[in-house]
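Here the sequence shown is numbered in the UniProt record's numbering, starting from 1 and rising by one per residue.
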Amino acid sequence: MRIVVAFLMGLIIVCSLIFYVEGWTDDEPSTSGEKIASEEAGTEEAADDREIAAQETDDLDEPEVEEVEEADGIHQFIGEGVERITEKFGEADRIDLTPYGYEWWIYNKNDVYLQFGVSEEKIVSVFTNDERADTAFFRVGDDYYKVNDHLQFQKEVPMGGNYVAHQFELSEEDMRIRPLASIGDVWVQVYFDTASDTVSSIRYTDQETLLLHKPYSIVYRGILPEAEPLSAEDWQLVQDGQALQILDLTNHIRERYGAQPLTWDEATAKVAYLHSEDMYRDEYFAHTSPTYGELKDRLAVESVVYELAAENIAANYPDAIEAVEGWLNSEGHRVNLLDERFTHLGVGVYRFYFTQNFITPW
């Protein structure tokens with residue numbers, strides 16, 4: 001039997017004056033952003049929905065994919081032992097658990113921001129959104145056409161090895177925002193900033209890790225690899241780590257565009273966490289909680305006093321990286337990410353619900 005697992009992009013609905021955008025159904029990755037200029041005014045915006053569906057298919061095409069010649073760069077760490085990381089970069093600044101059975105080793109205090117995915121003492125993923133990183137053929141900030149010349153993006157991308165009956169199928173939106181290609185045995189997802197058509201970040205993975213994430217529609221025969229279920233304690237570690245990653249990624253994006261970095265605010269982070277948890281438990285996706293009200297109400301409960309506040313939310317993205325890239329490519333959320341008036345940030349993650357609250361204290 002051949003199975004299709006499809007991730008379908010939804011519609012963005014925008015209404016003016018006070019913007020209320022709704023595009024939510026169960027299990028669809030979504031983003032939404034809200035800005036409150038004072039305690040009496042607000043905006044809300046949502047984007048990017050994907051839906052998971054399954055059906056049988058009778059055929060599995062296997063188009064040829066041109067392999068890119070390898071060159072020096074951080075992608076060559078994939079498959080190596082962890083000693084390669086420590087030899088070159090020293091001890092990690094932080095180690096975060098993921099939902100996929102590997103850890104992120106975070107390097108954020110030196111000149112270049114890097115995340116190394118480590119599973120069983122082996123490097124399975126490398127990520128950066130830093131233009132100073134050594135990424136061989138292309139770098140963060142390069143334009144789409146230059147990267148495509150090297151990687152030759154295609155809509156149908158077959159896997160290899162034990163997964164020759166598996167093929168990712170990318171939508172037009174995927175091709176524009178986060179195309180997939182291979183460099184030898186390493187897979188690379190290139191995330192683009194659609195406002196400038198330039199590289200925003202780069203993720204390298206081995207094949208098993210890519211399949212665990214299931215980031216695109218996939219046609220396959222046989223089985224898909226699945227991550228082991230997490231305990232409640234491990235989920236908390238995952239959530240805490242992803243919250244800090246969102247702070248890191250947000251600040252590096254702000255640095256790229258000339259905005260000052262944001263300072264972590266613990267009380268605001270609690271507000272964000274409780275909202276993510278509330279959305280998960282009550283099965284809704286919105287800035288206004290049926291139980292706890294709007295952002296201004298939730299901030300007031302934790303005695304957060306502010307001059308300006310804003311909120312971005314997202315749901316059902318594979319991880320913090322995808323959520324942040326989703327916000328960057330949605331106009332309302334991008335405004336919040338880059339707004340120079342904000343000075344502090346609180347982030348809360350619960351399962352696959354993500355909330356970031358921006359504030360400027362009085």
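Idealized CB from N, CA, C, for every residue including glycine.
Separation of residue j from residue i, as counted between CA atoms
i    : j    : result
R176 : V188 : 15 Å
S30  : N316 : 7 Å
Q207 : M159 : 8 Å
G346 : V82  : 32 Å
W163 : I123 : One point to set straight first is that residue 163 is Tyr, not Trp, in the sequence displayed. Approximately 20 Å between the Cα atoms of the pair.
F285 : I85  : 39 Å
W105 : F77  : 13 Å
Y257 : R221 : 44 Å
M237 : K109 : Inspection of the sequence shows that residue 237 is occupied by Leu rather than by Met. So the alpha carbons of these two residues sit roughly 21 Å apart.
D111 : E131 : 11 Å
R94  : Q115 : 10 Å
G23  : A92  : Below a pLDDT of 50, predicted positions are generally treated as unreliable, and G23, at 29, falls in that range; the measurement from the model is reported next regardless. The straight-line gap from Cα to Cα measures roughly 39 Å.
K88  : T128 : 16 Å
D197 : Q260 : 23 Å
E277 : E172 : 33 Å
I321 : S289 : 25 Å
L97  : W235 : 9 Å
E266 : Y113 : 23 Å
Y191 : T291 : 36 Å
E121 : G293 : 45 Å
W362 : D143 : 40 Å
T135 : L338 : 25 Å
G79  : G184 : 12 Å
D282 : F354 : 15 Å
H150 : K270 : 44 Å
D240 : L224 : 28 Å
E233 : G90  : 28 Å
N148 : L180 : 10 Å
G314 : E331 : According to the sequence provided, residue 314 is Ala. The question's Gly does not apply to it. Roughly 14 Å between the two C-alpha positions.
Y107 : W264 : 18 Å
Cutoff 8 Å; reference residue i; Cβ partners in own chain excluding five residues on either side
i    : result
D193 : V199, S200, L328 and N329
T360 : Y306, E307, L308, A309, R341, F342, T343 and H344
T268 : L299, E302, V304, H344, L345, G346, N357 and I359
H213 : Y100, T205, P318 and D319
L262 : L247, T250, N251, R254, F342, T343, H344, L345 and F358
E103 : I95, D96, L97, G117, V118 and S119
Sequence-distant residues of its chain with Cβ nearer than 7 Å to residue i (five each side left out)
i    : result
V324 : I246, L249 and T250
V65  : Low confidence applies to V65: its pLDDT is 40, below 50, so where it sits in the model is not reliable enough to give any reading.
P99  : A227, L230 and V238
D174 : Y216
K146 : F138
G141 : E131, T198 and V199
G161 : Q207
A272 : G346, V347, G348, T355, Q356 and N357
Other residues of its chain near residue i: CB distance less than 6 Å, five sequence neighbours each side excluded
i    : result
N312 : G33, W327, H333, N336 and Q356
P63  : Because P63 carries a pLDDT of 39, less than 50, the predicted location of this residue cannot be relied on, and no value is offered for it.
L210 : W187
R139 : E131
R351 : Y280
D297 : none
Inter-residue CB distance, residue i and residue j (contact presumed, cutoff 8 Å)
i    : j    : result
A133 : I74  : 6 Å
G348 : A243 : 6 Å
H287 : L295 : 6 Å
R203 : S125 : 7 Å
Beta strand (DSSP E) segment containing residue i, residue limits
i    : result
N336 : Looking at the DSSP string, N336 is not in any beta strand (DSSP E); the run it does join, the alpha helix (DSSP H), is E331 to L338.
I321 : It is not in any beta strand (DSSP E) - I321 instead sits in the alpha helix (DSSP H) that spans A320 to L328.
V349 : H344 to Y350
T268 : From DSSP, T268 is part of no beta strand (DSSP E) but of the alpha helix (DSSP H) over E266 to D282.
I313 : Y306 to A315
Y353 : Y353 to P361
Residue span of the alpha helix (DSSP H) that contains residue i, given as start and end
i    : result
N251 : A232 to R256
A300 : L295 to V301
Any non-hydrogen atom of the ligand GTP within 7 Å of residue i CB
i    : result
S119 : As presented, the structure is devoid of all ligands, the ligand GTP included, so that no description of it is given.
Any chain C beta carbon closer than 8 Å to residue i
i    : result
V305 : Note that chain C does not occur in the displayed structure, where there is just one protein chain.
Mind pulling the beta strand (DSSP E) runs of 3 or more residues that sit fully within the UniProt domain "CAP-associated" (78-216)? Listed in chain order, the beta strand (DSSP E) elements of length 3 or more contained wholly in the UniProt domain "CAP-associated" (78-216) are 94-97, 103-107, 114-119, 122-128, 156-158, 166-169, 180-183, 186-193 and 198-205.
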